[in-house]
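Working notes, beginning with the structure itself.
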Amino acid sequence: MGGCFGETQLPPELRLVEQQEMDLWRAEAHLYLPQVYENYKKNLSQAKRDLLEENQRFPWFRDYGPIRDEFLKLLKEGEELQQRLQIEKEKKRSALLDQFESLQEKINLLSKLTILYQGKPPLRVHLTKAELLLTEAKLLLKENRLIASEKKCPLVETHLHKVQEGLYPILARYQHPEWIAKWKRWAQETIDESRQRDIYSILIIKAEKKLILLKKGEPVKTYPVGFGKNGWLDKLQARDHATPEGKYHIIGKNPRSKYYKALLINYPNEEDRREFERLKRKGLLGKKATIGGSIEIHGGGKDHLTYGCIALDNASMEELYYKVEIGTPVTIIGARDERNSLSLALTDLQKKDEEKKNP
Amino acid sequence: MMRTMRYFLLSLMILVLLAGCGKKPTQEIESTQSAVNAVISEGLGKYAPEEEKKLKDAMAAAMDEVKVQDGKTFKNYDKAKQMLADVKKMAEEMKAALPAKKEQAKQNALSALEAAKSAVSEAKALLAKAPKGKGTAADIQALSGDVKGLEDSLAEVSGLIEKEEFSEAANKANALKEKASGVSEQIKQALEKVKGAKPAKK
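Protein chains in written order, with this note's numbering: chain A, 83 to 441; chain B, 600 to 801.
Rendered as C-alpha cells:
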C-alpha cells in the first residue's frame, strides 16, 4: 500500500467522499443535522490534511494505508448520515403534511364562518393571505424544500389568528349560556303560544340558517334561509347588515315585492328601541345612528345576500306567504341549543389551538 | 579554515534560498479571500448556492495547504499559491457570471408575476360581472374579500422583486396564480347559483 499514490494521484476514496459530501450538502444535511454534518466535515478536513501531510513526505517513506482507512471510515460515516437524514426528512415531511391538513381544515372552517361575518378589518383578506401562504408552503414541499416550507406555517397561523380574533367575539354569543338560555326561552314561548292558540308561528334559527313553520306547537315545514353579510350579529342600528333577534310578528304582506313576495315584521319592537337607546347613551353607537327598520321575510333566493332581511327561495316564499297572516308570531334566535353549528365550530377552533399549544 | 568558511557560506545561501521559497503567501491569501467575499456579498449563495459551496470548499482546501506548510521546517507554499490563484480565478469567473444569473432569476420572477397578475385580473373581471350590493350572493360578497387579498399579495410580490428576493417572489406569484384560478372558479359557481333568481333586499 505504501507509496501507491503520488501527489497528483489521489486515493479513489477521496473522490467518493467528496462526492458524498456534496450529495449530503445538496440534501441539506447542514440544515437538518447541523451538528452531525459539522462533525463529518471536520473529519473530512482532517483526513484531507493528513493526506496533504503524507504527500509532503519523501516518496519512499509515504504510507497511504492509514489515510485510505480514514477515508473508508468517512464513507461509512457519510452513509450513516445519509440514512439518518432520510429518516429525519421523512419525519419532517410527514409532520408537515399533518400540519398542512390541520391548517387547511381550519381555513375551510373559517371560510364557511366568514361568509356570514366578514367584519372589519376584512377577515376574508387575512383568510386569503393565509391560504396563499399555505399554497406557497405546499409548492415548496413539492420542490423538496422542507425547511423553507416549514417556515411558512407560522405565517399562515398569524393570518388565521387575525381571522379568529375577529370572529371569536361574534361566535362567542353562540356558546354563551346566557344567550343560549334567552334564545331557548324565546323559542319555547313561541312553540307554547302556537300550541295554545292553535296558530301558525315562525321560528328562524340563524345558526342553522333555517325557518321553521310551526302549527299547534309542532314543526310543519322547514325552509332554508339566507341573511345579510353580518347575519351572525344581532341588529343594533340601520345599515349594520345584521338580522335582528327577538320576538316579532307579521305586520304587513306584500304580494308584489321587488323580491317576489314579502312579509314585513315589526322590527324595531319595544325591546329593540330600549337597547338602541341604552347603547347610544353609553356612546357605543354613533351620534347620528338610527335604529333602522323594514325587516322582511322575502323571496329572491336563500343564497342572496340581504341587508338584514331573511331571504327564501321563491318557491318556499310562495308556500309560506299563503300560510301565514298579519299577526303571525315571528321569533328570530341565534341558536336553539349549546350544540349549534357555530358553537361547535368555535369549540373545534379552540381545540385545535389547544392542541397546538400542548401537542 | 577557508574551506570551512566556504561550506558555511554555501549552507547559509541554501538556507536563505529555502527561506525565500517558504515565505507565507499572505498577500495571495488576502486577495483571494477578498475576491471570495466580494462574490459572496453580491449574492452568490442566493443565485447559485452550489457554486458558493464549491468556492468556499476550494478556499478551505487552499488554506489547509497553507496550514500544512506553516507547520513544516522547510516550507514550500508553491502548491498553496497555485491553489489560491485557482480559487481567485474561480471567484472572479463566478462574479462575472453572477449578473446573468441574477437577471435570469429576475426574469423568472417577473414572468411568474405577470401570470399571477393575469389570473387575478380574470378573477376581478368575473367579480365585476356579479350583482353589487343588495341582492348579491353571499358567496360573491365573501369572494370580493378574497380578491382584495389577492391584490394585496400581488403588491407583496412586486415588493419582493424590488428587494431582489426573486426566488421568494416567484414562489409567491405561483401560489397567487393557483389561488386566483381557484377564486375565479368559485366566482363562476356563485354566478351560476344566482343566475335566473331574483335579487333580494334589506
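Backbone N, C-alpha and C fix where the C-beta goes; we use that ideal spot for every residue, glycine too.
Self-check item: the segment 203-210 of chain A in contact with the segment 231-248 of chain A per 3-pair CB rule at 8 Å
Solution: yes
Self-check item: C-beta contact flag for G328 of chain A and G390 of chain A at 8 Å
Solution: no
Self-check item: Which of helix, strand or coil DSSP assigns to R421 of chain A
Solution: coil
Quiz item: Under 8 Å between the Cβ atoms of K303 of chain A and L295 of chain A?
Solution: yes
Quiz item: Measuring CB to CB, does A661 of chain B end up less than 8 Å from L683 of chain B?
Solution: yes
Exercise. Please confirm if the segment 154-163 of chain A is in contact with the segment 682-696 of chain B, defined as three or more CB-CB distances below 8 Å between the two stretches.
Key: no
Self-check item: Contact belief for T446 of chain A with Y250 of chain A at Cβ below 8 Å, rounded distance in angstroms
Solution: The question about residue 446 of chain A has no answer, for chain A in this structure spans 83 to 441.
Self-check item: Delimiting residues of the alpha helix (DSSP H) encompassing S633 of chain B
Solution: 625-640
Quiz item: According to the neighbour-count rule (16 or more other Cβ atoms, all chains shown, within 10 Å of its Cβ), is E407 of chain A buried or exposed?
Solution: exposed
Practice problem: Find the nearest neighbour of L318 of chain A within the set A:I332, A:E353, A:K298, judged by alpha-carbon distance. | Solution: A:E353
Quiz prompt | C-alpha gap between K155 of chain A and E95 of chain A, whole angstroms | solution = 10 Å
Quiz item: Of all the CB atoms in chain A, is at least one closer than 8 Å to the CB of N707 of chain B?
Solution: no
Self-check item: Minimum C-alpha distance to T413 of chain A - residue among A:R227, A:K234, A:D274, A:L198
Solution: A:D274
Practice problem: Alpha carbon to alpha carbon, how far is E218 of chain A from Q165 of chain A? Give it in angstroms, no decimals. | Solution: 28 Å
Quiz item: Taking only beta-carbon atoms, is L775 of chain B less than 8 Å away from chain A?
Solution: yes
Exercise. Would you kindly check if the distance between the Cβ of K680 of chain B and the Cβ of Q138 of chain A is under 8 Å?
Key: no
Quiz item: Enumerated in chain order, which unbroken segments of the beta strand (DSSP E) with a length of 3 residues or greater are wholly contained in the segment 378-402 of chain A?
Solution: 378-380
Self-check item: Proximal residues of chain A, C-beta to C-beta of E664 of chain B below 7 Å
Solution: L134
Quiz item: According to DSSP, which residues form a beta bridge with L293 of chain A?
Solution: A:I286, A:Y305
Self-check item: Distance CB(A417 of chain A)-CB(Y256 of chain A) smaller than 8 Å
Solution: yes
Practice problem: Over the uninterrupted beta strand (DSSP E) stretch that includes H331 of chain A, give me the two end residues. | Solution: 328-339
Quiz item: By the 10 Å Cβ neighbour count, where 16 or more other Cβ atoms means buried, how is E629 of chain B classified, buried or exposed?
Solution: exposed
Quiz item: Once you ignore the five residues that flank N351 of chain A on each side, which residues in its own chain have a CB closer than 8 Å to its CB?
Solution: G328, K329, Y330
Self-check item: Within-8 Å CB hit, K244 of chain A to chain B
Solution: no
Quiz item: Three or more beta-carbon pairs under 8 Å between the segment 715-727 of chain B and the segment 170-183 of chain A, yes or no?
Solution: no
Practice problem: For G744 of chain B, name the three-state secondary structure that DSSP assigns. | Solution: helix
Practice problem: Would you decide whether L428 of chain A is buried or exposed? Buried here means 16 or more other CB atoms lie within 10 Å of its CB. | Solution: buried
Exercise. State yes or no: is the beta carbon of T217 of chain A nearer than 8 Å to at least one beta carbon in chain B?
Key: yes
Quiz prompt | Against chain D: residues of the segment 129-154 of chain A by CB proximity under 8 Å | solution = No chain D is present in this structure, whose protein chains are A and B.
Quiz item: So which residues on chain A does A660 of chain B lean against when the C-beta distance must stay under 8 Å?
Solution: K130
Quiz item: Does S783 of chain B come within less than 8 Å of chain A when only Cβ atoms are used?
Solution: no
Quiz item: If you count every other CB in all the chains shown that lies within 10 Å of the CB of F673 of chain B, and 16 or more means buried, which is it?
Solution: exposed
Quiz item: Would you say L222 of chain A reaches chain B, if we count a Cβ-Cβ gap shorter than 8 Å as a contact?
Solution: yes
Exercise. Mind checking which residues open and close the beta strand (DSSP E) that includes T413 of chain A?
Key: 411-415
Quiz item: From the DSSP output, which residues share a beta bridge with E300 of chain A?
Solution: A:K297
Exercise. May I ask you to list the residues that DSSP assigns as paired with A344 of chain A?
Key: A:N336, A:H380
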